[in-house]
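Below is one structure, written out as structure tokens; comments come after it.
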Amino acid sequence: MRSMRMSHLFGETLRAAPAEVEVAGHRLLLRAGYIRPLAAGIFSYLPLGVRVMRRIEAVIREEMEAIGGQEITMPVVHPAELWQRTGRWYDIDEELVRFADRTGRNMVLAMTHEEVVADLARSEVRSYRQLPLLLYQIQTKFRDDPRPRAGLIRVREFTMKDSYSLDADVAGLELQYRNHYRAYVRIFQRVGLPGVIAVAADPGMMGGHVAHEFMFLTEVGEDTLALCDRCGYAANIQVAGSRKPVPSAEQALPLEKVATPGTDTIEALASFLGVPKSRTAKVVFFTAAVPAPAGAAGENAKPREVLVMALVRGDMDANEAKLGRAIRARRLTPALAEAIRAVGAQPGYASPIVVARGAVLVVADDLVAASPNLIGGANEVGFHYRNINAGRDFQPDVVADIADVSAGAPCPRCEGPLRLARGVEVGNIFQLGTRFAEALGAKYLDAQGQSHPVVMGSYGIGVGRLLACIVEANHDERGIRLPITVAPYDVHLVRLSAQVPDLDAKADAIYEALRAAGIQVLYDDRDLSAGVKFADADLIGLPLRVTVSARSLQHGGCELKRRDRDEVRFVPPDEAPSGVCEAIRQLRDEAAARLSPTPYPAPDAAG
RNA sequence: CGGGGAGUAGCGCAGCUUGGUUAGCGCGCAGCGUUCGGGACGCUGAGGCCGGGGGUUCAAAUCCCCCCUCCCCGACCA
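For any residue, its number in the working numbering is found by taking its place in the first sequence, counting from 1, and adding 863.
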């Protein structure tokens, strides 16, 4: 229905939301009657919510079609076999919902669709002449997240636009990747989120090497980003680098054991010895599942559990995401004290020197590996070593950047100070390569008749999460303030109750005239006090409001007001449709003017 | 999975510490009347397995045990 009488609208506005709802946008979506909770991280969309989603989806569809996308719909339930063949059946933990159908066949609820796309490509794509392809869908996903929170920002069931590029080679993939990058920027600007930025991201276990996340910056976000205001460097903290300090050029001094009673923290150790924390080495233990050593076992060998000793400089923290990547860990959790003692290490005084080789996987941050004469544990309560030198006193199994970037650290590109910020990931783009095509046999023949795996990319936008961010970015103390591009209706027609005998008839006539002009109207025809109706209109947040009342008739007809402005103007009833159309056009023009033509540089491959 | 908070009418909440009238308040809902440009008012009325189960007691919303659910923080987030 293009228009609606509010007296029949399903879903009421709420005067109050539950006290435990803390995020502003979440409160407003509940109060305004857009969504209702069913279970943790699972929501129903009421008519207003569905209409905004459709509008957002329409923008996404336009931009996907503009870069050659073809819409398909893939199933929500997949046979486990597909996921077993790519290995993700084994790699993914409880986040993937599994069940058996009536015959006992294992099935999964789709949390993403790389497997099914690769399977479609296997059956449909045979020749390079069919490539490139871009397939997309807007469809339900389920991820059994251990901790849903903040309303639609982090849910278990959600609507996602996911697209998949199929190419003959990496050059084709890179072109489609850049196309998506630009399309995403346009999408976020068009729906009212001009502040979304692209940051370098961890391709994770998707098997690729280049990835970007699109981040809406907000305090309620749960990702941490490292940003450089000088050169524009932007990266998720999970991959962010920094220019590390150059270690002092000292001669390696002889190893020396010193008594350091009661210093089981870096803080205590540094102050006891009167040295800066940067002269110490910190040990952090993790339990990890890592791939079995190559050779003896094949690809599907069971991962083995190992204790990981991570070494970072005392003034830094270990970054679990970086550490996990450095050792290709499938799971990484802080180690329990018993596990640490089990390999003969002394918690609080652990040392890479004394611990038996092979018992633990020693991973040293590159700065630790390069720093001379550090102070570290002696594996004995109350004792540390001075002048530890990696390479001389111990051999790390892995040397990599595993340290967290801290606020103010020098940017890896320009050495400007990095700033840390919080953000919500509203979209992501991955260069996948051939992992999925190879696992599922999606191959094509080139012009020479040679067979190659299809090169894939995958690209996602969480539509509900996008809505949550739009509201987060577009509201005031009275309620939601939706951009014209995504509002569920264009105009909120408010009819006040009054003694004027034919007011209802006049308002009805204006409603019909607006509809006839092709305007989408939400008509508040309820018999309620003015305060309630205005409060509801502000809460629901349509961009325009038309009021018909005894007073407005005295002023010449009906009153026209923008949600984002205080001033009003009066137009005669028969000019209401043209006046509203003009206001809509103006809002659309303003929105279009805010689109920046070259908003972001093309992503460079290095991120 | 660890820590914290909460579950009482459709919604928002009090009552619980110290067990004892018929379990309350506001909003909403139904009826009647008054009001009518920023969450009006009067009268009348409907609406409760006090999250579930077990226990203590003459007596349990209230005390004890177990379980479930939701929210927040952490772990996690392909």
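Glycine included, every Cβ here is placed at the ideal spot set by N, Cα and C.
Simplified DSSP assignment, three categories, for residue i
i     : result
M974  : coil
S1028 : strand
G812  : Examination of residue 812 is not possible in this model, given that the chain is present from 864 through 1470 alone.
L877  : coil
G1296 : strand
I857  : Residue 857 cannot be examined here, being either before or after the span of the chain that is shown, 864 to 1470.
A1284 : strand
Q933  : strand
D1388 : coil
Y1307 : strand
S986  : helix
A1160 : Residue placement at A1160 is poorly supported in this model, since its pLDDT is 43, which falls under 50; the coordinates are not used for a value here.
R1414 : helix
E1130 : helix
E883  : coil
Q1052 : helix
H1338 : strand
P1466 : Note that P1466 scores 46 on pLDDT, short of 50, meaning its location in the model is unreliable and no value can be drawn from it.
S907  : strand
C1091 : strand
R1344 : coil
E1037 : helix
A832  : Past the edges of the chain, shown from 864 to 1470, lies residue 832, and the structure says nothing about it.
E1020 : strand
8 angstroms contact criterion, which residue i and residue j should meet: CB distance rounded
i     : j     : result
G932  : L997  : 5 angstroms
P1124 : P1235 : About 26 angstroms; that fails the 8 angstroms criterion.
L1283 : T1087 : 6 angstroms
D1025 : E958  : About 16 angstroms separates the two Cβ atoms, so there is no contact after all.
F1149 : A1198 : 6 angstroms
V1334 : R1408 : About 18 angstroms separates the two Cβ atoms, so there is no contact after all.
D1264 : K1145 : Contact doesn't hold; Cβ gap of about 15 angstroms is too wide.
A1013 : F1293 : That belief does not hold up - the Cβ atoms of A1013 and F1293 are roughly 24 angstroms apart, past 8 angstroms.
Residue from the options with nearest C-alpha to residue i
i     : options                       : result
G912  : A1063, E957, R1019 and V1349  : V1349
A1400 : P1351, V884 and E1301         : P1351
E1445 : G1381, R1142 and L1391        : G1381
L877  : L893, A1263, D1086 and R1448  : L893
L1015 : A1413, G1327 and F1079        : G1327
C1332 : S1321, E1288 and A1370        : E1288
A1456 : L1377, D1264 and R1049        : R1049
T1126 : G896, P1210 and V1054         : P1210
A880  : G1342, M970 and S1026         : G1342
H976  : Q1101, Q1000 and D954         : Q1000
S986  : P1406, Y1307, F1148 and A1336 : Y1307
E920  : F1051, R951 and I898          : F1051
E1278 : V939, L1090 and G888          : L1090
D982  : L1359, G1304 and A1413        : G1304
Q1417 : A1361, C1094 and G967         : A1361
I955  : Q1313, L972 and R968          : L972
S1134 : Y1096, C1094, P1117 and D1178 : D1178
DSSP bridge partner residues for residue i (one or two, in chain order)
i     : result
I1190 : According to DSSP, which records beta bridges pairwise, I1190 is partnered with nothing at all.
F1135 : Note: F1135 sits in no beta bridge, so no partner.
L1407 : V1354 and R1425
G1290 : F1077 and I1324
R1432 : L1423
T1196 : T1150
Limits of the unbroken alpha helix (DSSP H) element including residue i
i     : result
C1444 : A1439 to A1456
V913  : P910 to A929
D1260 : Run containing D1260: none; DSSP gives neither H nor E here.
D1065 : Note, D1065: premise wrong, no alpha helix (DSSP H); not H, not E.
T949  : A943 to T949
E1201 : A1200 to A1205
Residue i - containing beta strand (DSSP E), residue span
i     : result
M869  : Element bounds for M869: n/a, residue is neither H nor E.
R899  : I898 to A902
I1251 : F1246 to I1251
A1379 : Unbroken run through A1379 is the alpha helix (DSSP H), L1366 to A1379; no beta strand (DSSP E).
I955  : From DSSP, I955 is part of no beta strand (DSSP E); its letter is neither H nor E.
L1230 : First-last for L1230: D1229 to A1233, but that is the alpha helix (DSSP H), not the beta strand (DSSP E).
P1316 : S1314 to P1316
E1119 : E1119 to A1122
Y999  : L996 to F1005
V1349 : Segment: none, V1349 is in no beta strand (DSSP E) and carries neither H nor E.
V1169 : R1167 to R1176
A963  : R961 to A963
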